[in-house]
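Residue numbers (the numbering used here): 54 to 1251.
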Amino acid sequence: MAATGVLPFIRGVDLSGNDFKAVVARANNLKNSGVPDDIFQLDDLSVLDLSYNQLTEIPRDLENSRNMLVLNLSHNSIDNIPNQLFINLTDLLYLDLSDNNLDSLPPQMRRLVHLQTLILNNNPLMHAQLRQLPAMVALQTLHLRNTQRTQNNMPTSLEGLTNLADVDLSCNDLSRVPECLYSLPNLKRLNLSSNQISELSLCIDQWTKLETLNLSRNQLTSLPSAICKLSKLKKLYVNSNKIDFDGLPSGVGKLSNLVEFMAANNNLELVPEGLCRCGKLKKLVLNKNRLVTLPEAIHFLTDLEVLDVRENPNLVMPPKPVDRTAEWYNIDFSLQNQLRLAGASPATVAAAGGGNSPRDHMARKMRLRRRKDSAQDDQAKQVLKGMSDVAQEKNKSIEENGDLKYSDLKTKRWDKNLEKPHLDYSEFFMEDVGQIPGVSVWQIENFIPIQVDEAFHGKFYEADCYIVLKTFLDDNGALNWQIYYWIGQEATLDKKAGSAIHAVNLRNYLGAECRTIREEMGDESEEFTAVFNNEISYIEGGTASGFYTVEDTQYPTRLYRVYGKKNIRLESVPLKASSLDPRFVFLLDAGLEIFVWRGGNATLGGTTKARLFAEKINKNERKGKAEITTLMQNHEPPEFWEVLGGQPEEIKKHVPDDFTPVRPKLYKVGLGLGYLELPQINYKLSVEHKDKLKLDVVPEQRLVQGLLDTKGVYILDCWSDVFIWIGRKSPRLVRAAALKLGQEVCGMLHRPKHAVVIRNLEGTECQVFKSRFKNWDDVLKVDYTRNAESVKQSEGLTGKVKKDAEQKDQMKADLTALFLPRQPAMPLTEAEQMMEEWNEDLDGMEGFVLEGKKFARLPEEEFGHFHTQDCYVFLCRYWVPVEYEDDQAKDKEKGEEGDDEDKQPEEDFQCVVYFWQGREASNMGWLTFTFSLQKKFESLFPGKLEVVRMTQQQENLKFLSHFKRKFIIHKGKRKLKVDSVQPSLYHIRTNGSALCTRTIQIATDSSNLNSEFCFILKVPFESTDNQGIVYTWVGRAADPDEAKLAEDIMNTMFDDTYSKQVINEGEEPENFFWVGIGSQKPYDEDAEYMKYARLFRCSNEKGYFAVSEKCSDFCQDDLADDDIMLLDNGKEVYMWVGSQTSQVEIKLSLKACQVYIQHMRSKDAEHPRKLRLVRKGNEPHCFTRCFHAWSAFKTAPA
């Protein structure tokens, strides 16, 4: 029977009188009719295995086997279980019903309270709610593989199954981990493979005893950090998911017991270095990923037996480091630290840190000391333990007797009896104060220290008190501090006391051992002045105090006319609407409201410069509290006209065309023998031109700051404004005399009614006064907008700026560019205005193209057409605006008296030569130009020539403006028409500004189309009458202005021998369009990435690691082969690795990329970025579409 499994001629078997305990008849092709009924009458039958047979129902009388412990009916065709089956089988320990056709389970299964193993795999239990499970309290193993489990048919709670250790829910339709599993405290093995799980909850840290976790073949993109708390985890399988490097938690190294880690068929570019800290790891499977390299510490996994990294085509194995220290880099890449280095406010840094408190170095020392002491004296520990045991016994006996606790009877140390008040300094000082080397300043206002912006460090109000904290690293690399409190000579008593008290509070808050140092105004120590690089200035006034209130500063309302193209000048005019002129820009300063008004005929450049001037006024004079508004003529709000006394009916031109501003006159105030001396300073001949020059060739000069001596007092007469400048070290008597004299100047001399006298103390000059001087402009004390290139250009820097530049050179990492906002797109109106202004200055343009070894003149009708294999030269002649000043006015008067000599025209123009080189052109074109054409131009225009070299798609904006958005780049050479009978496709695209609009020929393939752009398709014919048909294809989401431009470009490119047609997306003719473009293929229907695209360069070439951003008009050639580039498209951040980059740059760039992604998550939570790694030559479509006209990389010449 065992051999055949079939008894064809036996109709019944009498088994009575036998003592069977187990019946195993698996894989015998048994049917229900072949199972004898008498077998279930055996009293001692405890094991029944009828698996792998042909049973279609439960054997009859099976419920009579009351002593059954093991029942295996798997791999049959049973489709129903009778309700009475489990009424008597209450002692079952093992039940296997897998691989049947069961669609439901009887409710009587809840009687199986002793069941330890339940296997129901591969049954269509769609409608089974498994409500019986919570009653099986002894269950240890539960297998529900391929039972059509979803979130809706899982039990709500399994809290009572405290013994359940093995759960298999693989091959189901679970979209997330069922919540009932989180309540299983003793779970050791969990199989959730082949589901639709897309994320894991942080609650997985409840599985403290989990040893095996299988999450393979799901939709996971990341693993939560809570997985690092599963300290007993030995096997982790995440094969065939969508996990990238950013999805693996950096703390994976905490899984100290991990033996197997399998993450095959994912999107991993790298693996965290923490994985190499799992010392027990024996099997690491990472095949079918995108690995570029592995951590160098992979060589230190001595127990590793299997390392599978197959099918990672770009993988480069790291060299084995000489020692373990070679793999680590001492750079803090945390988001908080990088924001601090970028100059972010403490509030921003604290928010980015998520409230994490800084490390307490003193507490760490105490912990180490306690650890050391405890390790030295084990015997003392045993003695203390014995004493504590005795004390606890005494306490129990006293409590049982109802007496006082023994702890209440113990004596206390004398200092324990002193109650120390709980001092919370967090309301005064930020959590990260004193944790980064640098200087922090607080100003006392209403008894409270208020932090001062870094731009105002070193500027102290005479009626205020300040706290200054200098944080630095000592010789051992530990943090140290110097704390000063500065007292102004006009400060009130409460401010003096508050500064002293809060300086002590700050010391306590830091746990510093230094003393607080008192500094008084005018008597500062050398150490204190060195904190600010000896650049301390005093400002009159102060803030509100606890005893006295300060009235709001009253700012006089002034109206200025802005003029000058190269250097902006301001002239004060009467405060009324009639002063406005539509040809000029006006600045209305109303204190905390500053309006920049642009007349209808005014230039955009003047508006931009006036806006910048207003920003300087706001920053230096209004503490950033003023609101700046730019207004266009006929779009003014009512409050603007209210300040000017009402809106006029018409704004007329009233400024004369030959308007010449009055030349400022500078006087120095001095005391003679009983009278005042007021000599005028002649700065034209003596200031900037120290060499002896002829009088008739000296150009007009402006005032310079060097004329003002700190020991003197000066009066600057500007006709409508009179400024009095008082040096720091000037005598008091001279100051008083100058103030009196300034008032009399307006009275004695004829001055307009709106003229005022303005007092300026050295170091606190107003912006209008500074504008009268040449190159007197505030350089930001801390300039964090610099990139790696600008650090090298430190010539001409002085003071703190120079020191910051030197410190920047010593820094190991500069990630400032990652925290700057994206450059906004320029509005079309502004771009057109700028284009118009640049073309107004253009007097003429000549073009040349390289033909063979010589440059030939380019026909004017070909201006705007460029070829990728050619070199072009354009000679542009510009009119240079002459700014008439006092000397020009004098020359004009001399001319009226009879000097008829005309000015030479060479004084009024400048020539710029633009050299343009295509991507596929040889560098011989540039050599030919420098040795031939350039020398000829230099001889024709001596001293007037400027040469600008450009490559394709990296053109100068001014040069682009001359073609008025019709800048067309063709493939090949100009006169070599090889594929004239082949269709050609052109892509029209604007990058960041309408000035950067180009039409570039791309591969003729319909997959290159995009619904947000316009394209031009030329389909040539072999006919002489009709050369072909040209389509302008307009995407359904394309900009209407760009669609109109595309039609104009089509008419410019092709003459009437071509048939021209504008078609919208979806209306393409089948016969010519799709045939001409090849065939209809899927293409992108949006260009959302254009709103987010940013390109960063990561480089270590300057001696330190730095990140700089390319402008929004970037192109493929900006991808430097020896650098790492970061591309953000709004969804992913691609880390592009050149072929000549070093391992150090790859690792540092990876850290920088993580910092950027973390920063963008806090800034733009709606668009979380994912990290993608790209090797040169293997760029995906989502990467290449961010570049206009992507093609093959340029190859170096042989």
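Don't be surprised by glycine CBs; every beta carbon is placed ideally from N, CA and C.
Handout entry: Within 8 Å, strictly: CB atoms of leucine 546 and isoleucine 520
Key = Position 493 of the sequence shown holds residue 546. Position 467 of the sequence shown holds residue 520. It is not a contact, given that the beta carbons lie outside the stated cut-off.
Handout entry: Separation of asparagine 620 from valine 715, as counted between CA atoms
Key = Residue numbering aside, residue 715 sits at position 662 when the sequence shown is read from its first letter. Residue numbering aside, residue 620 sits at position 567 when the sequence shown is read from its first letter. The straight-line gap from Cα to Cα measures roughly 16 Å.
Problem - Integer-rounded CB distance, given that glutamine 876 should sit under 8 Å from glycine 698 - result: Locating residue 698 in the sequence shown gives position 645, where the first residue counts as 1. Locating residue 876 in the sequence shown gives position 823, where the first residue counts as 1. About 40 Å; that fails the 8 Å criterion.
Exercise for the section: Could you check which residue in Gln922, Val926, Lys907 has the C-alpha nearest to that of phenylalanine 916? Expected result: For the purposes of this step, residue 916 is identified with residue 863 of the sequence shown, where counting begins at 1. Looking at the Cα atoms, Val926 is the closest of the given residues.
Handout entry: Nearest residue (CA-CA) to glutamate 349, options Leu328, Asp356, Val1208
Key = Counting from 1 along the sequence shown, the entry for residue 349 is found at position 296. Taking glutamate 349 as reference, the option from Leu328, Asp356, Val1208 with the minimal CA-CA separation is Leu328.
Practice task
Would you kindly work out how many angstroms separate the C-alpha atoms of aspartate 258 and isoleucine 280, rounded to a whole number?
Solution key: Start at 1 with the first residue of the sequence shown, and residue 258 comes out as number 205. Start at 1 with the first residue of the sequence shown, and residue 280 comes out as number 227. Whole-angstrom Cα-Cα distance: 6 Å.
Practice task
Using beta-carbon positions only, say whether glutamine 686 and arginine 636 come within less than 8 Å of one another.
Solution key: Within the sequence shown, residue 686 is the residue found at index 633, counting from 1. Within the sequence shown, residue 636 is the residue found at index 583, counting from 1. No, the Cβ-Cβ distance between glutamine 686 and arginine 636 is not below 8 Å.
Exercise for the section: Please go through the region 1036-1080 and give each complete beta strand (DSSP E) segment of 3 or more residues, from N-terminal end onward. Expected result: 1037-1043, 1050-1055, 1067-1073
Exercise for the section: Counting only the same chain and skipping the five closest in sequence on each side, list residues whose C-beta sits under 6 Å from that of methionine 162. Expected result: The residue you call residue 162 lines up with position 109 of the sequence shown. Excluding residues within five positions, the ones whose Cβ falls inside 6 Å are Phe139, Gln185.
Exercise for the section: Give the straight-line distance between the Cα atoms of lysine 629 and phenylalanine 712, rounded to the nearest whole angstrom. Expected result: In the sequence shown, the residue the question calls residue 629 occupies position 576. In the sequence shown, the residue the question calls residue 712 occupies position 659. Their backbone Cα atoms lie some 20 Å apart in a straight line.
Problem - Option in Tyr1039, Ser293, Asn654 with minimal Cα separation from tryptophan 1086 - result: Position 1033 of the sequence shown, counted from the first residue, corresponds to residue 1086. Tryptophan 1086 has its Cα closest to that of Tyr1039, out of Tyr1039, Ser293, Asn654.
Handout entry: Cβ shell of phenylalanine 693 (< 6 Å), same chain only, five flanking positions each side left out
Key = Walking along the sequence shown from the start, residue 693 turns up at place 640. The residues are Phe648.
Practice task
State yes or no: is the C-beta of asparagine 310 within less than 8 Å of the C-beta of arginine 343?
Solution key: Locating residue 310 in the sequence shown gives position 257, where the first residue counts as 1. Locating residue 343 in the sequence shown gives position 290, where the first residue counts as 1. No; because the gap between Cβ atoms is not below 8 Å, this pair is not in contact.
Practice task
State the DSSP-derived secondary structure class of glycine 699, mapped to helix, strand or coil.
Solution key: Looking up residue 699 in the sequence shown gives position 646. Note: glycine 699 maps to coil in three-state DSSP.
Practice task
Using three-state DSSP, classify phenylalanine 1016 as helix, strand or coil.
Solution key: The residue labelled residue 1016 in the question sits at position 963 within the sequence shown. Correct three-state label for phenylalanine 1016: coil.
Exercise for the section: Examine the Cβ distances between the region 149-158 and the region 129-139 and report whether three or more of them are shorter than 8 Å. Expected result: yes
Exercise for the section: In the DSSP assignment, find the alpha helix (DSSP H) that holds lysine 669 and state where it starts and stops. Expected result: Here residue 669 is taken as the residue at index 616 of the sequence shown, counted from 1. That run of the alpha helix (DSSP H) goes 657-674.
Handout entry: Close beta carbons around asparagine 1079, own chain, < 8 Å, minus the five adjacent residues each side
Key = Locating residue 1079 in the sequence shown gives position 1026, counting from the first residue. The beta carbon of asparagine 1079 is closer than 8 Å to those of Thr1110, Tyr1111, Ser1112 in its chain, skipping five residues each way along the sequence.
Handout entry: Cβ-based neighbour list, asparagine 1117, same chain, cut-off 6 Å, excluding 5 preceding and 5 following
Key = Numbered from 1 along the sequence shown, position 1064 holds the residue referred to as residue 1117. Within its own chain, the residues whose Cβ lies closer than 6 Å to the Cβ of asparagine 1117, once the five positions on either side in sequence are excluded, are Val1087, listed in chain order.
Practice task
Give the secondary structure of isoleucine 1022 by DSSP, where H, G and I count as helix, E and B as strand, and everything else as coil.
Solution key: Counted from its first residue, the sequence shown places residue 1022 at position 969. Looking at isoleucine 1022 - three-state DSSP - the assignment turns out to be strand.
Problem - Between the CA atoms of isoleucine 589 and glycine 564 - distance to the nearest angstrom - result: Here residue 564 is taken as the residue at index 511 of the sequence shown, counted from 1. Here residue 589 is taken as the residue at index 536 of the sequence shown, counted from 1. In a straight line, the C-alpha of glycine 564 is about 29 Å away from that of isoleucine 589.
Practice task
Please determine, among Val100, Ser104, Arg242, Asp96, the residue with the shortest C-alpha to C-alpha distance to asparagine 117.
Solution key: Residue numbering aside, residue 117 sits at position 64 when the sequence shown is read from its first letter. Here the closest residue by C-alpha is Asp96.
Practice task
Over the uninterrupted alpha helix (DSSP H) stretch that includes tryptophan 891, give me the two end residues.
Solution key: Along the sequence shown, read from residue 1 onward, the residue named residue 891 stands at position 838. Judged by DSSP secondary structure, tryptophan 891 falls within the alpha helix (DSSP H) whose first and last residues are 881-894.
Practice task
Would you mind sorting methionine 1188 into buried or exposed? The rule is 16 or more other CB atoms within 10 Å of its CB.
Solution key: Against the sequence shown, residue 1188 aligns to sequence position 1135. With 16 or more Cβ atoms within 10 Å of its Cβ, methionine 1188 is classed as buried.
Exercise for the section: Determine, using beta carbons only, whether lysine 341 and asparagine 318 come nearer to each other than 8 Å. Expected result: To locate residue 341, count along the sequence shown from 1; it is residue 288. To locate residue 318, count along the sequence shown from 1; it is residue 265. Contact flag set, yes.
Practice task
Please name the residue in Gly897, Gly759, Asn813 whose C-alpha comes closest to that of phenylalanine 776.
Solution key: Position 723 of the sequence shown, counted from the first residue, corresponds to residue 776. With distances taken between Cα atoms, phenylalanine 776 lies closest to Asn813.
Practice task
Drop a sphere of 10 angstroms on the beta-carbon of aspartate 221, count the other beta-carbons inside from all chains shown, and report buried for 16 or more, exposed for fewer.
Solution key: Indexing the sequence shown from 1 puts residue 221 at position 168. It counts as buried.
Handout entry: Option in Ala181, Leu103, Asp149 with minimal Cα separation from threonine 194
Key = Reading the sequence shown from its first residue, position 141 is the one you call residue 194. With distances taken between Cα atoms, threonine 194 lies closest to Asp149.
Problem - Proximity below 8 Å, CB of isoleucine 734 to CB of leucine 719 - result: To locate residue 734, count along the sequence shown from 1; it is residue 681. To locate residue 719, count along the sequence shown from 1; it is residue 666. Less than 8 Å divides the Cβ of isoleucine 734 from the Cβ of leucine 719.
Problem - Assumed close pair valine 1034, proline 995 - CB separation to whole angstroms, cut-off 8 Å - result: Your numbering for residue 1034 matches position 981 in the sequence shown. Your numbering for residue 995 matches position 942 in the sequence shown. Between proline 995 and valine 1034 the Cβ distance is about 50 Å, and since that is not below 8 Å, they are no contact.
Exercise for the section: Answer yes or no: do asparagine 176 and threonine 203 have a C-beta to C-beta separation smaller than 8 Å? Expected result: Translated into the one-based positions of the sequence shown, residue 176 becomes position 123. Translated into the one-based positions of the sequence shown, residue 203 becomes position 150. Against a cut-off of 8 Å, the Cβ pair of threonine 203 and asparagine 176 comes out as no contact.
Exercise for the section: Write down the C-beta distance between asparagine 239 and threonine 215 rounded to the nearest angstrom, noting that I regard them as a contact closer than 8 Å. Expected result: Numbered from 1 along the sequence shown, position 186 holds the residue referred to as residue 239. Numbered from 1 along the sequence shown, position 162 holds the residue referred to as residue 215. Confirmed, about 6 Å.
Exercise for the section: Give the straight-line distance between the Cα atoms of methionine 879 and glutamate 1095, rounded to the nearest whole angstrom. Expected result: For the purposes of this step, residue 879 is identified with residue 826 of the sequence shown, where counting begins at 1. For the purposes of this step, residue 1095 is identified with residue 1042 of the sequence shown, where counting begins at 1. Their Cα atoms are separated by approximately 15 Å.
Problem - Own chain, CB closer than 6 Å to isoleucine 351, minus 5 neighbours either side, in chain order - result: Taking the sequence shown and counting its residues from 1, the one referred to as residue 351 is at position 298. Only Cys329 meet the Cβ criterion.
Exercise for the section: Starting from histidine 1234, trace the alpha helix (DSSP H) both ways and give me its first and last residue. Expected result: Position 1181 of the sequence shown, counting from 1, holds the residue named residue 1234. Its alpha helix (DSSP H) spans residues 1234-1237.
Exercise for the section: Just confirm the distance between the C-beta atoms of glutamate 543 and glycine 595, as a whole number of angstroms; I'd bet it's less than 8 Å. Expected result: The residue given as residue 543 occupies position 490 in the sequence shown. The residue given as residue 595 occupies position 542 in the sequence shown. That pair is a contact at about 7 Å.
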